[in-house]
Amino acid sequence: MKAKVLIVEDEPAIQELLAFNVMQAGFQALRADDAEGAWQQIRASKPDLILLDWMLPNTSGIVLAKQLRADAAAKDIPIIMLTARGEERDKILGLESGADDYITKPFSPRELMARIRAVMRRHVPQLQEESVAVGGLELLPAAHRVSADGKNIELGPTEFRLLHFFMTHAERVYSRAQLLDQVWGTQVFVEERTVDVHIRRLRAALEPLGKDGLIQTVRGSGYRFSAN
Ligand code: CA
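Put into structure tokens, the structure is as follows:
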């Protein structure tokens, strides 16, 4: 069965171009012109990835990304945000809204496909992987679940992978560049500040259970997961 990519884009020419490239790459293309259409597609045929335009009529891509992340059925679907806005603060805003990656228009189809493949690869469930328990946290890779003291912790897909990497590589310091290579993959072109955004989100998710201190900032070097 082909993986499904939902394209949410209001400009017909760009939507067509995206759909063409998505299908060329061997995926099934689903389309929506706005947030309402996107929800219909998500409910009807749960996509594996969403290409989400920032500038949409009525509900913006940023608002839709936040709604998706708050929705029980849609929160685990990876999102790549598409936008004409290339400013640093916009990138951070895009990632903070829940997007997993970000691409600025105009982009080459080749670059876009590389990003889609990288995001898809990261979200394939690793069914053989064993559960990990460190620092009072238990992580079940196949079930995509993390808990502390029997309480579930809700994490976005990137935070989940980041925590999985940390828990399987505890007590060692990793630079932002190393984390990008290990967690995001070498084919993804994201900036090092992206790491800080996801670390912040991960700590915020762990904080209610008093586990945010497990993720330590090592000044001038990077981050370390430490149970000591
Ligand atoms: Ca648009």
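So the sequence shown is numbered by numbering that gives the first Met the number 0: it starts at 0 and just counts up by one.
Where is the CB? At the ideal position from N, CA and C, for every residue including glycine.
Query raised in the report: Which value, in whole angstroms, describes the spacing of the CA atoms of residue 137 and residue 225?
Result: 14 Å
Query raised in the report: What do you reckon, is the C-beta of residue 35 under 6 Å from a heavy atom of ligand 1?
Result: no
Report task. Please name the residue or residues paired with residue 52 in a DSSP beta bridge. Result -> 81
Query raised in the report: Is residue 232 near ligand 1, in the sense that its beta carbon is under 6 Å from a heavy atom of that ligand?
Result: For the chain, the structure presents residues 0 to 227; residue 232 sits outside this window and is missing.
Report task. Provide the residue span of the beta strand (DSSP E) that contains residue 150, from first to last. Result -> 150 to 152
Query raised in the report: Do residue 55 and residue 78 come within 7 Å of each other at the CB atom, strictly closer than that value?
Result: no
Query - Coil, strand or helix - residue 127 by DSSP - result: Caution is warranted here: a pLDDT of 36 is assigned to residue 127, below 50, making its placement in the model unreliable, and the coordinate value is therefore given only provisionally. Residue state, collapsed to three classes: coil.
Query - Own chain partners of residue 172 with C-beta closer than 6 Å, once the 5 adjacent residues on each side are dropped - result: 217, 220, 221, 223
Query raised in the report: Is any heavy atom in ligand 1 found nearer than 6 Å to the beta carbon of residue 9?
Result: yes
Report task. Would you check if there are 3 or more beta carbon pairs closer than 8 Å linking the segment 27 to 40 to the segment 9 to 19? Result -> yes
Query - Collapsed DSSP secondary structure at residue 97 in the structure displayed - result: coil
Query raised in the report: What did DSSP end up calling residue 3 once you bin it into helix, strand or coil?
Result: strand
Report task. Name the one or two DSSP bridge partners that residue 230 has. Result -> No statement about residue 230 is possible, as the shown extent of the chain runs from 0 to 227 and does not include it.
Query - Rounded straight-line distance, which links the Cα of residue 140 to that of residue 195 - result: 23 Å
Query raised in the report: If you pair each beta-carbon of the segment 95 to 113 with each one of the segment 70 to 84, do three or more pairs fall below 8 Å?
Result: yes
Query raised in the report: Based on the DSSP output, what are the partners of residue 137 in its beta bridges?
Result: 132, 146
**Report entry** Where residue 182 sits in the DSSP three-state scheme
**Finding:** helix
Query raised in the report: If you compare alpha carbons, which of 21, 9, 63, 49 is closest to residue 96?
Result: 63
Query raised in the report: Does the beta-carbon of residue 210 have 16 or more other beta-carbons within 10 angstroms, so that it is buried, or is it exposed?
Result: buried
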